[in-house]
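Enquirer:
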């Protein structure tokens with residue numbers, strides 16, 4: 001059984017970063033081994049830069065890594081996988097944006113797509129909402145299946161962020177705790 005103290009928890013926020021009220025920031029404050037992947041340009045995301053920063057953070061880890069990514073942080077992680085040199089025990093992926101949808105705004109989010117569809121080389125959970133403005137539920141379900149990711153239906157949860165009422169997110173905390181307990185150290 002893996003415990004939080006056995007892992008480095010890497011928080012990978014999305015577009016414009018996760019503010020203090022966001023569940024990611026709250027989890028980071030509570031989890032002793034958590035740190036955030038910082039991006040130079042939170043509001044002008046560049047795919048190569050974001051993915052390189054994720055890979056660097058993973059490769060600097062001294063313990064097994066558990067990734068917690070939200071929104072645009074997800075394609076940043078998926079695109080960085082070929083550059084991972086350290087052990088990633090698992091990834092908890094929340095509210096993947098549809099980076100292949102030409103109607104999505106801001107437009108530059110599409111530069112992060114399309115997603116690679118190869119099975120992920122580590123266990124993962126993908127959590128998606130039925131009314132996420134950045135991704136149709138079926139698209140999230142399809143990509144999670146391609147990745148071999150356990151899929152969790154969050155119901156009508158918007159973009160699963162502070163703006164849609166997910167500052168405190170007890171269901172997410174419980175799902176994450178169960179996920180981590182099943183990973184191998």
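Numbering (the working numbering), first residue to last: 1 to 185. We treat Cβ as the ideally placed atom computed from N, Cα and C, and that holds for glycine.
Compare the C-beta of residue 53 against all C-beta atoms of chain B and say whether one is closer than 8 Å.
Expert: Protein chain content of the structure displayed is limited to a single chain, and chain B is not contained in it.
Enquirer: Check whether the Cβ atoms of residue 92 and residue 125 lie closer than 8 Å to each other.
Expert: Taking 8 Å as the Cβ cut-off, residue 92 and residue 125 qualify as a contacting pair.
Enquirer: Hey, residue 39 and residue 59: beta-carbon distance below 8 Å or not?
Expert: Result no, Cβ atoms of residue 39 and residue 59 do not sit closer than 8 Å.
Enquirer: How would you label residue 105, buried or exposed, when you count the other beta carbons within 10 angstroms and need 16 or more for buried?
Expert: When all chains shown are included, residue 105 counts as exposed.
Enquirer: To test your reading of the DSSP string, which unbroken alpha helix (DSSP H) runs of 4 or more residues are found completely within the stretch 90 to 127?
Expert: You should have found no qualifying run.
Enquirer: If you count every other CB in all the chains shown that lies within 10 Å of the CB of residue 8, and 16 or more means buried, which is it?
Expert: Buried.
Enquirer: What does a CB cutoff of less than 8 Å around residue 17 pick up in its chain, not counting 5 residues either side in sequence?
Expert: Here the set comprises 39, 42.
Enquirer: Considering Cα atoms alone, identify which of 143, 155, 161 is closest to residue 115.
Expert: Minimum Cα distance to residue 115 is reached at 143.
Enquirer: So, at 6 Å on beta carbons, what are the nonlocal neighbours of residue 61 in its own chain, with the 5 sequence-adjacent residues on each side left out?
Expert: So the qualifying residues of the chain are 8, 86.
Enquirer: Quick one: Cα of residue 123 to Cα of residue 148, how far?
Expert: Those two C-alpha atoms are separated by around 8 Å.
Enquirer: Within the same chain, show all residues whose beta-carbon is closer than 7 Å to that of residue 22, passing over the 5 residues directly before and after it, in chain order.
Expert: Within the same chain, residue 22 has close Cβ partners 161, 162, 167.
Enquirer: Mark residue 181 as exposed unless 16 or more other C-beta atoms lie within 10 angstroms of its C-beta, in which case mark it buried.
Expert: Classification for residue 181: exposed.
Enquirer: For residue 12, list the residues DSSP reports as bridge partners.
Expert: DSSP lists 69 as partners of residue 12.
Enquirer: If you drop the 5 nearest sequence neighbours on each side, which residues of the same chain put their C-beta closer than 7 Å to that of residue 31?
Expert: The residues are 4, 9.
Enquirer: Among residues of its own chain, excluding the 5 on either side of residue 134, which ones have a beta-carbon nearer than 8 Å to its beta-carbon?
Expert: Taken in chain order, the residues that qualify are 71, 95, 97, 98, 104, 109, 159.
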